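As given, the protein sequences belong to chains A and B, one line each in that order. First residue of the first sequence: 1, per our numbering; consecutive thereafter. First residue of the second sequence: 410, per our numbering; consecutive thereafter.
Protein chains: 2
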Amino acid sequence: MLKITTNPNLKMHFRDEDVAASFAKLLARKDLGFLNLPNDQESLAKSSALGSQISANYEHLVLVGIGGSSMGPRALAEISGSTKISFLDNVDSMETEAVIANLKNLSKTAWLFISKSGTTIEVLWTLELAEQIYRQHNTEFFPHTFYITEDTDNTLNNLAKKHQRPRLAIPLDVGGRFSVLSPVGLVIAQYLDRSPKLLLEGAREALQARELLITSVNQYLSSFERNEVITLFWFYSSRMRWFGCWLQQLWAESLGKKETIDGKTAPHFSSPMISIGTCDQHSILQQIMEGPKNKFVNIFRFLDVEKSKHKIKTTQFAETKLLENLNFGELIKAEAVATEMALQSTALSTTSFELIDHGDKSLGFLFMFYQLLVATIGEHTRINAFNQPSVALSKKLTLELLKKLKPKL
Amino acid sequence: MLKITTNPNLKMHFRDEDVAASFAKLLARKDLGFLNLPNDQESLAKSSALGSQISANYEHLVLVGIGGSSMGPRALAEISGSTKISFLDNVDSMETEAVIANLKNLSKTAWLFISKSGTTIEVLWTLELAEQIYRQHNTEFFPHTFYITEDTDNTLNNLAKKHQRPRLAIPLDVGGRFSVLSPVGLVIAQYLDRSPKLLLEGAREALQARELLITSVNQYLSSFERNEVITLFWFYSSRMRWFGCWLQQLWAESLGKKETIDGKTAPHFSSPMISIGTCDQHSILQQIMEGPKNKFVNIFRFLDVEKSKHKIKTTQFAETKLLENLNFGELIKAEAVATEMALQSTALSTTSFELIDHGDKSLGFLFMFYQLLVATIGEHTRINAFNQPSVALSKKLTLELLKKLKPKL
């Protein structure tokens, strides 16, 4: 499913046994719902049914959600090359109004609202706008709405009940950024004609991939010991940009903490950065090679992208002579391997991952692998990987500002 | 056009006179073609004509180019919300084959090949594939091709001549990442029904915005003095992701140099990172607030996004009560301002930029402003902002690897 090639020049700073112990502690925790999602057959059945219901009755879907309620679904849509979903996650008036104005048929458009807490202000504000525009078009809005939220006394859940609309629950013990294998991702996978079942199957394999995980956790912990301030996730695939954004959120919100659970100063983790394929060799590679050696570069190769049924037998150009008789995918492969060699030649820390394809099993594996990885790093370094106190501060400041500004607006 | 609000807590480490002298030196250089592009009427006329010709005769455009030949056009397409262009910049077999397979009408699709050197292997390899697939469909390929490259004895230019196809020149003294205001961006702007003329008008205004530029250069130089290793460009607009990628390349390739032009060790500049709007408050904000204080956060607000003709008079939710009677755009505005306040409250370095809109004049200004800014930083610190030696190394390694691997493939 996933193969890791560790760079032999990199020293591992921790003993595998100690990392393994942290992983075992993580798995033994009873408060982490994301560990149970791969085996949740009820969630799978309900999500598949809802995804099918939406795709059978609607031509298009607008997903309104933010952060963990949006990035996993966006990753799945991008990997599927689908245009069947519009995402509204930024209360950007130009974008939001353009998306609604471009809907071909209001009654054939489903609206899916996703918010773990059911109180996310951006989601509710977008709902208000959409409903208003539907009203102006004399079209009913709520009969086309669907909801995924905690099953508690919250705004979104109550709204779904009031209008007797289908709703699925994010379990109480599953955090937003750990929810991609809950109905949040599964409904979307089904709607996109992917396989939620295989997503979970891949996730179960990740739960079993103990050695791979321990090696990988040790690699990242060792990178932090080397004071590498940026972890660069470099995907040699054009369809992994949103997966990268999903990973960036998971990494940054889980690991960016100032205090340990014992109230001590937390270790400094890295900032996650995303790059894509050969195109970014013509962008940030120069700075990585000659700038400060403060980065850990992770190269992800995908075997399905490196294959092609198209072989080019004779080429008309001197520049591509070396590629003659090769299939179209061989160039990106050579570039990925050469880039890692070039980085290593300048003493940069690298590691590489190889995935067989973009299929659901591989994706389920990758989603779960990184959730386990980030959580194990948290366990090992005694930080709480499951809260996000500073996001709450920014929300509070927004409300205070609105209170202050309101009389002047 | 552009307003900068400097954070009063940040000390300027340089004298404005010295920065101004570097800017004057830059403007006096005769070897930098990008300085002349805003006044190049011939390039404007030819680009507008070619853009109109393509849009009048074709339903769709495939742009094949990489790095500086792709990111500026991608930025323009994203800002226009257009789906009239497909971009191939990654020799990713799945993406490339899917784009070609999904073309509705091969004879109504134009192909634009862009490469400054005319020898970019990814561009030529993609051309080989496209031509092969057209041949398999018994459709002529070359009559639908267009070219932008240096007017020299290079592969792409010679190919255009051989097939007697329209071609426009990137001036010899304009580097790839400084070419967005050459035919590279102007043809695309016209094809998208934007105004290349206003793009250049905005660029000319940037050339006149001396004080703004000097303040801004001083800000960034001072950030480097504070050892801030990441410059975060945070756009509160959903349509600025590719502009961010364009800026990332400009910044990373221009400033990431190990040596000064005197052969001394170059100062360490920052790695450029991109974030988008309120959605990324639910992603990397946590890590920025509580992680190491090694970042300079640049917040970009857009007044057109903060406006809306939709006012929501009464809201059904407690959470949005404060927003009642406001227009839809007020929330993103409050969040942008509150986020900057939150960052400042934890002693993070910030600055904010305010743009009136996403129009061509504003964009032309922004493109030119950052080209001038990066070039002035180079001038001031005596590095060569116009080469990219390490990208050449990675290209060389790819070819060597192909030579070595070829017999085994």
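For glycine and all other residues, C-beta sits at the position ideal for the given N, C-alpha and C. This one's a predicted model, so the numbers in the text were calculated from it and none came from an experiment.
With C-beta atoms as the reference, is residue i less than 9 angstroms away from residue j?
{"i": "Arg-586/B", "j": "Gly-476/B", "result": "yes"}
{"i": "Leu-348/A", "j": "Val-187/A", "result": "no"}
{"i": "Phe-705/B", "j": "Ile-721/B", "result": "no"}
{"i": "Gly-474/B", "j": "Val-589/B", "result": "no"}
{"i": "Phe-367/A", "j": "Trp-246/A", "result": "yes"}
{"i": "Ile-4/A", "j": "Ser-222/A", "result": "no"}
{"i": "Ser-680/B", "j": "Ile-786/B", "result": "no"}
{"i": "Ile-261/A", "j": "Ile-383/A", "result": "yes"}
{"i": "Leu-411/B", "j": "Phe-762/B", "result": "yes"}
{"i": "Pro-183/A", "j": "Leu-168/A", "result": "yes"}
{"i": "His-469/B", "j": "Asn-514/B", "result": "yes"}
{"i": "Leu-814/B", "j": "His-310/A", "result": "no"}
{"i": "Leu-159/A", "j": "Val-746/B", "result": "no"}
{"i": "Asn-636/B", "j": "Asn-703/B", "result": "yes"}
{"i": "Ile-170/A", "j": "Thr-139/A", "result": "no"}
{"i": "Ile-812/B", "j": "Leu-326/A", "result": "The displayed chain sequence assigns Lys, not Ile, to residue 812/B. No."}
{"i": "Gly-700/B", "j": "Ala-45/A", "result": "no"}
Using C-beta distances below 8 angstroms, list every residue in its chain close to residue i, excluding the 5 sequence neighbours before and after it, in chain order.
{"i": "Leu-198/A", "result": "Gly-359, Asp-360, Lys-361 and Gly-364"}
{"i": "Glu-324/A", "result": "Ile-312, Lys-313, Thr-314 and Thr-315"}
{"i": "Tyr-543/B", "result": "Leu-515, Glu-549 and Phe-550"}
Report, in whole angstroms, the separation of the C-beta atoms of residue i and residue j, which I expect to be a contact under 8 angstroms.
{"i": "Pro-196/A", "j": "Ser-47/A", "result": "6 angstroms"}
{"i": "Phe-34/A", "j": "Gln-371/A", "result": "6 angstroms"}
{"i": "Ser-115/A", "j": "Ser-69/A", "result": "6 angstroms"}
{"i": "Asp-173/A", "j": "Leu-32/A", "result": "7 angstroms"}
{"i": "Lys-108/A", "j": "Leu-192/A", "result": "Not confirmed; about 17 angstroms, so no contact."}
{"i": "Glu-531/B", "j": "Thr-152/A", "result": "Not a contact, Cβ separation roughly 51 angstroms."}
{"i": "Ser-80/A", "j": "Arg-210/A", "result": "The pair is not a contact, with the Cβ atoms about 30 angstroms apart (cut-off 8 angstroms)."}
{"i": "Pro-447/B", "j": "Ala-612/B", "result": "4 angstroms"}
{"i": "Leu-124/A", "j": "Thr-729/B", "result": "5 angstroms"}
{"i": "Leu-521/B", "j": "Phe-551/B", "result": "That pair is no contact at about 13 angstroms."}
{"i": "Gln-690/B", "j": "Glu-739/B", "result": "That belief does not hold up - the Cβ atoms of Gln-690/B and Glu-739/B are roughly 16 angstroms apart, past 8 angstroms."}
{"i": "Asp-40/A", "j": "Ile-214/A", "result": "Not really, about 26 angstroms apart at Cβ, beyond 8 angstroms."}
{"i": "Val-19/A", "j": "Asn-218/A", "result": "5 angstroms"}
Helix, strand or coil, according to DSSP, for residue i in the structure here?
{"i": "Arg-619/B", "result": "helix"}
{"i": "Tyr-220/A", "result": "helix"}
{"i": "Val-783/B", "result": "helix"}
{"i": "Leu-764/B", "result": "strand"}
{"i": "Arg-544/B", "result": "helix"}
{"i": "Thr-381/A", "result": "helix"}
{"i": "Val-473/B", "result": "strand"}
{"i": "Val-337/A", "result": "helix"}
{"i": "Ala-169/A", "result": "strand"}
{"i": "Tyr-600/B", "result": "helix"}
{"i": "Lys-313/A", "result": "coil"}
{"i": "Phe-302/A", "result": "strand"}
{"i": "Pro-8/A", "result": "coil"}
{"i": "Ala-516/B", "result": "Here residue 516/B is Ser; the residue named in the question, Ala, does not match the sequence. If DSSP states are grouped into helix, strand and coil, Ser-516/B belongs with the helices."}
{"i": "Phe-296/A", "result": "strand"}
{"i": "Lys-3/A", "result": "strand"}
{"i": "Asn-736/B", "result": "strand"}
{"i": "Arg-668/B", "result": "One detail in the question is off: residue 668/B reads as Glu in this sequence, not Arg. Strand, per DSSP."}
{"i": "Leu-590/B", "result": "coil"}
{"i": "Ile-284/A", "result": "coil"}
Given residue i, which residues of its chain have a CB within under 7 angstroms of its CB, disregarding the five upstream and five downstream residues?
{"i": "Gly-653/B", "result": "Phe-642, Phe-644 and Ile-683"}
{"i": "Ser-803/B", "result": "none"}
{"i": "Asn-470/A", "result": "Any answer about residue 470/A is impossible in this case: the structure gives chain A only from 1 up to 409."}
{"i": "Leu-250/A", "result": "Arg-177, Tyr-370, Gln-371 and Val-374"}
{"i": "Thr-535/B", "result": "Val-473, Leu-497, Val-500 and Thr-505"}
{"i": "Val-508/B", "result": "Val-471, Ser-495 and Leu-497"}
{"i": "Pro-676/B", "result": "Phe-633 and Thr-790"}
{"i": "Leu-212/A", "result": "Leu-2 and Ile-4"}
{"i": "Thr-350/A", "result": "Asn-7, Val-297, Ile-299, Glu-340, Leu-343 and Gln-344"}
Just to confirm my understanding: we take residue i, look at its own chain, exclude 5 residues before and 5 after, and list those with CB closer than 6 angstroms. What are they?
{"i": "His-789/B", "result": "Ser-431"}
{"i": "Leu-389/A", "result": "Sequence inspection shows Pro at residue 389/A; the Leu mentioned does not correspond to that position. Counting only Cβ-Cβ distances below 6 angstroms, and skipping sequence neighbours, we find nothing."}
{"i": "Lys-742/B", "result": "Glu-715"}
**Touching by the beta-carbon criterion (3+ pairs, under 8 angstroms), the region 641-655 of chain B and the region 79-97 of chain A** = Yes, the region 641-655 of chain B is in contact with the region 79-97 of chain A.
* Asked: How about the region 684-698 of chain B and the region 744-752 of chain B: do they share at least three Cβ pairs that are nearer than 8 angstroms?
  -> In this structure the region 684-698 of chain B touches the region 744-752 of chain B; the number of beta carbon pairs closer than 8 angstroms is three or more.
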